[in-house]
Amino acid sequence: MMRKIIYMFMMFVLLCTTSCLDKYPENAVLEDRAITTVDEADQAVIGIYSSFLSSSLYSGYLTLMPDIQSDLVYAVNGYSNNMGDIWRWNILATNGQIEAVYGSLYSVIGSCNFLLDNAAKLMPTLVDDEDVDHLETLCGEAYFARALAYSELIKLFCEDYKNDDDAKNKLGVVIRTSYYNEQPIVRSSLYDSYRQVLSDLDVAAKYLALDEDYDPAYDGYLYNYSTFFNEYTVYALRARVALYMRDYAEAVNYSSKVIDSKMYSLSSVNSEYSAGVSYYDLMWQNDLSTEVIWKVGFTASDHGGALGSIFFNYDYSSYKPDYVPAQWVLDLYAATDGRYNAFFRNATTGYSHGLTWPLVYKYWGNQDLYAEANLLNTSMPKVFRLSEQYLIRAEAYCNLETPDYSKAARDLSTLRAARYTSGHSVALSEDNAMKVIEEERVKELFMEGFRLQDLKRWGKGFERKPQDQSLSNGSSLKIDAGDPLFVWPIPQHEIESPGANIAPNASNK
-6 MMRKIIYMFM MFVLLCTTSC LDKYPENAVL EDRAITTVDE ADQAVIGIYS SFLSSSLYSG
54 YLTLMPDIQS DLVYAVNGYS NNMGDIWRWN ILATNGQIEA VYGSLYSVIG SCNFLLDNAA
114 KLMPTLVDDE DVDHLETLCG EAYFARALAY SELIKLFCED YKNDDDAKNK LGVVIRTSYY
174 NEQPIVRSSL YDSYRQVLSD LDVAAKYLAL DEDYDPAYDG YLYNYSTFFN EYTVYALRAR
234 VALYMRDYAE AVNYSSKVID SKMYSLSSVN SEYSAGVSYY DLMWQNDLST EVIWKVGFTA
294 SDHGGALGSI FFNYDYSSYK PDYVPAQWVL DLYAATDGRY NAFFRNATTG YSHGLTWPLV
354 YKYWGNQDLY AEANLLNTSM PKVFRLSEQY LIRAEAYCNL ETPDYSKAAR DLSTLRAARY
414 TSGHSVALSE DNAMKVIEEE RVKELFMEGF RLQDLKRWGK GFERKPQDQS LSNGSSLKID
474 AGDPLFVWPI PQHEIESPGA NIAPNASNK
């Protein structure tokens, strides 16, 4: 069963070295320090959760870079050049930010492997059923975290999954499933890489299953416990992965498990939490929501990066954003779409050119963290939300062997009913379905790290057109579908690591 206490996050020793995949003696956890009790296993899992605090992951590069690389935002004249190479598509295998994403994800995997290897040794020694149950839950969390990390590596460093036969001939990622046992440092196929994710999720679902009589309605659950994995977190990732694998029947199946569970409900712009603050606003201003399936939990003393910094660079007197929203994105939102006011606020910047533009208020930051510790632009990353599940199911319905546009329209209308003050209904047909879904994903998931993968999956390129005070180097960029840089290069130091035989991507050349 899921634990019913809230842990304070602690930093766990990350298991990475010069090479993200190797483990050298001076960095390894010594045998006599291995996990020998359930309490120690518990602390190790707290460390796994803590590893997601890295600003290279969801509170930083992993979320921002795929969208900055796409067509959602523009660099502003005078910007600091933060992630500038990514925005300009000047992406090299020596890019330090890409290296940080790659290394941090493999550090998560290393921590999971350490826990799972030790748990396998510990389990036969346990005689108390509660200890066995608790250790199985801890293993479930580790299996899920490993699956999540591998899914992100595949998303960024691998080509699109078109079908099983095609995937068997494409490069996947380096799979490591043990901390102590030596394994070849070679890339598996894309097919086998995704099978590893699915295998981990199968085990995680078994170990993280909630009690049959579990009642999600008790006060405080969704606000406080969405920082931990459970079986619906597993189903949410399974639905996302199924969509990426073009297994549309499974995408419908698993997204339906989440939606139909009634564990979560969409936060509406039409329901007030307090005067002038809707439940939808609350999700972004205070990180509290009934629709968040899993978020990276922050406290004032243990937190990740500040997602909103590059959109404000606020020095308590003026805003000097590195990036502002693209005009075409702003134009997508209807006047009755409450997301616009939750995501954007018009402001005059402090640059000498005095650009006035809607800034990304979505990441202005958690007001409670600001009040407690003066943390600016710091929000808890919401890695899985119920709204994404509706979008996944709608897209899957439209791509089934026998498409069901009416069910897809119903899902989009349900989502929009929580976002629009009026006029939320939508009708879909073969002619307009994917256009509507593509636009809805932009409006709902803006700057949450999905856009580059979406374009790759849809086989689409893009073209930027200059807007007011946008940086000239990159504002007229035209990227064709299938450009090699839709797939990030494998970090050069990984390819050159002693003992490694890691094949490069086309983008490495």
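In terms of the numbering used here, the sequence shown opens at residue -6 and continues consecutively. The beta carbon of each residue, even a glycine, is placed where N, CA and C say it ideally should be.
Of the candidates Glu431, Ala242, Arg457, Glu92, Ala242 places its Cα closest to the Cα of Thr395. Take the alpha-carbon of Val322 and the one of Ile102: they are about 36 Å apart. Annotation: the segment 376 to 423 contains the following complete segments of the alpha helix (DSSP H) (minimum length 4 residues), in chain order: 379 to 392, 398 to 410.
Here the segment 367 to 375 makes contact with the segment 275 to 293; the two share three or more CB pairs at distances below 8 Å.
Taking 3 residues as the minimum length, the beta strand (DSSP E) runs contained wholly in the segment 172 to 207 are 180 to 182, in order along the chain.
With respect to Ser260, Glu224 sits apart: the two C-beta atoms are not nearer than 7 Å. Collapsing the DSSP output to three states places Ser302 in a helix. Judged by their CB atoms, Ile61 and Trp82 are not nearer to each other than the 7 Å cut-off. Counting other Cβ atoms within 10 Å of its Cβ, Gly416 stays below 16 and is therefore classed as exposed. When the five nearest sequence neighbours on each side are left out, the beta carbons in the same chain lying within less than 7 Å of the beta carbon of Ser264 are those of Ser271, Tyr272, in order along the chain. Judged by DSSP in its simplified three-state form, Val480 adopts coil rather than helix or strand.
Here the alpha carbon of Phe107 sits roughly 11 Å from the alpha carbon of Cys132. Contact check between the segment 146 to 155 and the segment 228 to 245: three or more CB pairs, one atom from each, fall below 8 Å, which counts as touching. Looking at the DSSP output, Ala340 shares a beta bridge with Trp350.
Rounded to the nearest angstrom, the gap between the Cα atoms of Ser248 and Arg188 is 19 Å. In the same chain as Leu470, and ignoring 5 residues on each side of it, the C-beta atoms closer than 7 Å to its own belong to Trp82, Arg457, in chain order. When beta bridges are read from the DSSP output, Phe455 appears opposite Ile472.
As the crow flies, the alpha-carbon of Glu152 is around 38 Å from that of Ile28. Fully enclosed alpha helix (DSSP H) runs of no fewer than 4 residues occupy 272 to 278 of the segment 255 to 279, in order along the chain. Closest in C-alpha terms to Gly343, from the list Tyr307, Ala140, Lys355, comes Tyr307. By the CB criterion at 7 Å, Val69 and Val317 fall inside the cutoff.
Across the set Asp159, Ala112, Arg434, Tyr143, the C-alpha of Tyr143 shows the shortest separation from the C-alpha of Arg231.
Excluding residues up to 5 positions away in sequence, Pro318, Ala319, Val322, Val435, Phe439, Met440, Arg444 lie with their Cβ nearer than 8 Å to the Cβ of Leu65 in the same chain. In terms of Cβ geometry, Val196 and Glu134 do not form a close pair [threshold 7 Å]. Here Ala328 carries a coil assignment [DSSP, helix/strand/coil].
Take the alpha-carbon of Ser406 and the one of Pro484: they are about 42 Å apart. In the three-state scheme derived from DSSP, where H, G and I count as helix and E and B as strand, Ala293 is classed as coil.
In this structure, Ala113 sits away from Ser49, with a CB-CB distance that is not shorter than 7 Å.
Taken in chain order, the complete beta strand (DSSP E) segments of 3 or more residues contained in the segment 37 to 120 are 66 to 68. For Ile430, the enclosing alpha helix (DSSP H) has its first and last residue at 426 to 438.
If you compare the alpha carbons of Tyr312, Asn359, Val120 with that of Ala340, the shortest gap goes to Tyr312.
Separation of the CB atoms of Phe304 and Tyr363 is rounded to 15 Å, and the pair is thereby denied contact status at 8 Å. Here Ser463 carries a strand assignment [DSSP, helix/strand/coil].
Within the DSSP secondary-structure output, Trp287 pairs in a beta bridge with Phe377.
Straight-line spacing of the CA atoms in Tyr95 and Gly89 works out to 10 Å. Burial is judged here by how many other beta carbons sit within 10 angstroms of a residue's own beta carbon; Val179 has fewer than 16 and is exposed.
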